[in-house]
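Everything on this sheet refers to the single structure shown next.
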Amino acid sequence: MNPTALMIMLLSLAIGTTMTLMSHHWLLAWIGLEINTLAIIPLMTKTPHPRAIEAATKYFLTQASASALILFSATMNAWKTGEWSITLLSDPYTITLSMALMMKLGLAPLHFWLPEVIQGIPLSTGLILSTWQKIAPMTLLLQISHLTDLKLLITMGLTSILIGGWGGINQTQLRKIMAFSSIGHLGWMVLILKFNPQLTLFNFLLYITMTAAMFFSLMSMSSTKISEISSSWPKSPILVTTMMLVLLSLAGLPPLTGFSPKLLIILELAKQNTLLLASVTMLASLLALFFYLRLTYVMILTLPPHIPPSSTHWRATKNSPLTATMTTLALLIFPLSPTFMLIM
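For the sequence shown, full-length UniProt numbering assigns the number 1 to the initial residue and increments by one for each residue that follows.
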C-alpha cells in the first residue's frame, strides 16, 4: 500500500477512536465508530485476494448492521427522553444498544463474523482488528454499564467463554485461534462489567497487551499455521520460547500477566456471593486452556533433535524492539497488578 494512503488510514483510525472516546453525545460516538469502520476496510483489502475481499465484505455488513442499530436506538431514545447523552438511556433501548456494541466487539452469540474476518486478512490488520478496533465499543459499553441488564451480561459472558474455548480446540489456523481467544477474553470482561467496571477496564488493557505481543511474535516469524510455528525453533529459539510463555499468559497461568485479571475476576465474583457463577466460569475456561497448552505442546515437541533441518521452513525472522517490549509487558506485569488497580 502507498505510504501516504497507509498514513491517512491509520490517522483516520486514531481520529475515529478519539472522537468516540471524547464524546458525550450518541451521534458523535456513532460518527467515530463509522470512521473506524471505513478506515480499516482498505487495510483489509491491501492484498487483493478473494479471501481478503470476502473478509472485508463480511466485516462491513456486520459493522453496518450494528451501527444502524445504534443509530436507530439512540434516535428513539432521544425522541423519548429529549436527550442525546450517552449515560441517559430509557429501558428498552439500553438492551438494543448493548447488543449492538457487543456485536461490534464480536461477543457470542454475535461472534460468527470475527473468526472468518480475521482469517482472511493479513496479520498486521488482524492485530488492529483485535486490539484498536475494540477500544471504542468497549468504552461505550463501560459508560452504560450501570444501566445494562445483569442477566444479559452474564449470559453473553458465559456464552462467549464457552464458544471461545470450544471454537479454538480444533483449529489449525493461528489467526482463527486468536479470534476465538479474543471472544473468550471479552466474555470474561463482560461477565464482570456490572459488578466492577474498573476491573473490566484493567482486564481489557491487559488483553490488548497480551494479544498485541502474540500478533507481533507471529508477524516476526511470518507464521499463520500451527505447522509453521512447529518448525520455527531452529530459526529463532528465543522468540519461540517467549511466544510459548505469551500463550501461557493468555491461558491465565501464574505467575504470568494473564493470571491477574482472572484471579481478580474470580475474587470479585466470590465477593458478590455468586460462587456458582465463579465455578462455572472457571470450568468453562478449561476449554481455552486446552488449546493454548496444545499450541505450547506442538512447539515443545519440535525442539531439537525431534525435527530434521531439511523439513524446516526457512523464512526470515524480523525481530523488533516493539515485539520485545510488548512481550515483556505480556509476561511480567503480574507483580504490578495491585498498583494498577489502585491507580484505576
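Glycine is no exception: its CB is placed at the ideal position from the N, C-alpha and C atoms.
Quantities reported herein were computed from a predicted structural model and do not represent experimental measurements.
Does the distance from the C-beta atom of leucine 107 to that of glycine 187 stay below 9 Å?
Reading the sequence shown from its first residue, position 107 is the one you call residue 107. Reading the sequence shown from its first residue, position 187 is the one you call residue 187. In contact: leucine 107 and glycine 187 (Cβ atoms closer than 9 Å).
Measuring alpha carbon to alpha carbon, tell me which of Trp166, Leu89, Ala270 ends up nearest histidine 146.
As a position in the sequence shown, residue 146 is number 146, starting the count at 1. It is Leu89 whose Cα lies nearest to the Cα of histidine 146.
Rounding to the nearest angstrom, what Cα-Cα distance links alanine 316 and methionine 219 in this structure?
Within the sequence shown, numbered from 1, the residue matching residue 316 stands at position 316. Within the sequence shown, numbered from 1, the residue matching residue 219 stands at position 219. Bear in mind that a pLDDT of 49 at alanine 316, under 50, signals an unreliable position, so the model cannot answer this.
Mark tryptophan 314 as exposed unless 16 or more other C-beta atoms lie within 10 angstroms of its C-beta, in which case mark it buried.
Taking the first residue of the sequence shown as position 1, residue 314 is located at position 314. Confidence at tryptophan 314 is low in this model, with a pLDDT of 48, below 50, so its placement is unreliable and the value that follows should be read with caution. Answer is exposed; the Cβ neighbour count stays below 16.
When Leu293, Asn77, Ala100 are compared against leucine 152, the one with the closest alpha-carbon
Numbered from its first residue, the sequence shown carries residue 152 at position 152. The residue with the shortest Cα to Cα distance from leucine 152 is Ala100.
Could you check which residue in Trp113, Gly157, Ser230 has the C-alpha nearest to that of glutamine 265?
For the purposes of this step, residue 265 is taken as residue 265 along the sequence shown, with counting starting at 1. One detail in the question is off: residue 265 reads as isoleucine in this sequence, not glutamine. Taking only the C-alpha atoms, the option nearest isoleucine 265 is Gly157.
Taking its Cβ as the centre, do 16 or more other Cβ atoms sit within 10 Å of glycine 164, making it buried, or is it exposed?
As a first step, residue 164 is located in the sequence shown; it is residue number 164 there, counting from the start. It counts as buried.
Compute the beta-carbon to beta-carbon distance between alanine 55 and isoleucine 121, rounded to the nearest angstrom, for a pair I have assumed lies under 8 Å.
To locate residue 55, count along the sequence shown from 1; it is residue 55. To locate residue 121, count along the sequence shown from 1; it is residue 121. That belief holds up - the Cβ atoms of alanine 55 and isoleucine 121 are roughly 5 Å apart, short of 8 Å.
DSSP three-state label for serine 311, please.
Position 311 of the sequence shown, counting from 1, holds the residue named residue 311. Confidence in serine 311 is poor, its pLDDT being 48 and thus under 50, which makes the residue's placement too unreliable to answer from.
What does serine 85 pair with, by DSSP beta-bridge criteria?
Position 85 of the sequence shown, counted from the start, is the residue given in the question as residue 85. Partner(s): His25.
At which residues does the alpha helix (DSSP H) containing lysine 271 begin and terminate?
For this step, residue 271 is matched to residue 271 along the sequence shown. That run of the alpha helix (DSSP H) goes 259-271.
Per DSSP, the bridge partner or partners of lysine 104
Here residue 104 is taken as the residue at index 104 of the sequence shown, counted from 1. The partner list for lysine 104 (beta bridge, DSSP) is empty, contrary to what the question assumes.
Residue environment, histidine 185, which counts as buried when at least 16 other CB atoms sit within 10 Å:
On the sequence shown, residue 185 is found 185 positions in, with the first residue counted as 1. By the neighbour-count rule (16 or more Cβ atoms within 10 Å), histidine 185 is buried.
Mind the definition here: the segment 4-16 touches the segment 110-124 only if three or more C-beta pairs lie below 8 Å; say whether that holds.
no
So if DSSP puts glutamine 173 in a beta bridge, which residue, or which two residues, is it bridged to?
Here residue 173 refers to the residue found at position 173 of the sequence shown. According to DSSP, glutamine 173 bridges with Lys225.
Starting from tryptophan 166, trace the alpha helix (DSSP H) both ways and give me its first and last residue.
If you number the sequence shown from 1, residue 166 lands on position 166. Unbroken alpha helix (DSSP H) run through tryptophan 166: 150-168.
Is the segment 193-200 in contact with the segment 209-227, if contact means three or more CB pairs nearer than 8 Å?
no
Do isoleucine 238 and valine 298 have their C-beta atoms within less than 9 Å of each other?
Working through the sequence shown from its first residue, we reach residue 238 at position 238. Working through the sequence shown from its first residue, we reach residue 298 at position 298. No, Cβ-Cβ distance for isoleucine 238 and valine 298 is not below 9 Å.
At least three beta-carbon pairs within less than 8 Å, the segment 325-338 to the segment 246-262
yes
Can the beta-carbon of proline 261 be found closer than 9 Å to that of leucine 191?
The residue you call residue 261 lines up with position 261 of the sequence shown. The residue you call residue 191 lines up with position 191 of the sequence shown. No, Cβ-Cβ distance for proline 261 and leucine 191 is not below 9 Å.
Helix or strand or just coil, what does DSSP make of isoleucine 192?
For the purposes of this step, residue 192 is identified with residue 192 of the sequence shown, where counting begins at 1. DSSP places isoleucine 192 in helix when its eight states are reduced to three.
Is isoleucine 118 closer than 9 Å to lysine 176 when the C-beta atoms are compared?
Counting from one through the sequence shown, the residue named residue 176 turns up at place 176. Counting from one through the sequence shown, the residue named residue 118 turns up at place 118. Yes, the Cβ-Cβ distance between lysine 176 and isoleucine 118 is below 9 Å.
With H, G and I counted as helix, E and B as strand and the rest as coil, what does DSSP make of proline 234?
Against the sequence shown, residue 234 aligns to sequence position 234. Note: proline 234 maps to coil in three-state DSSP.
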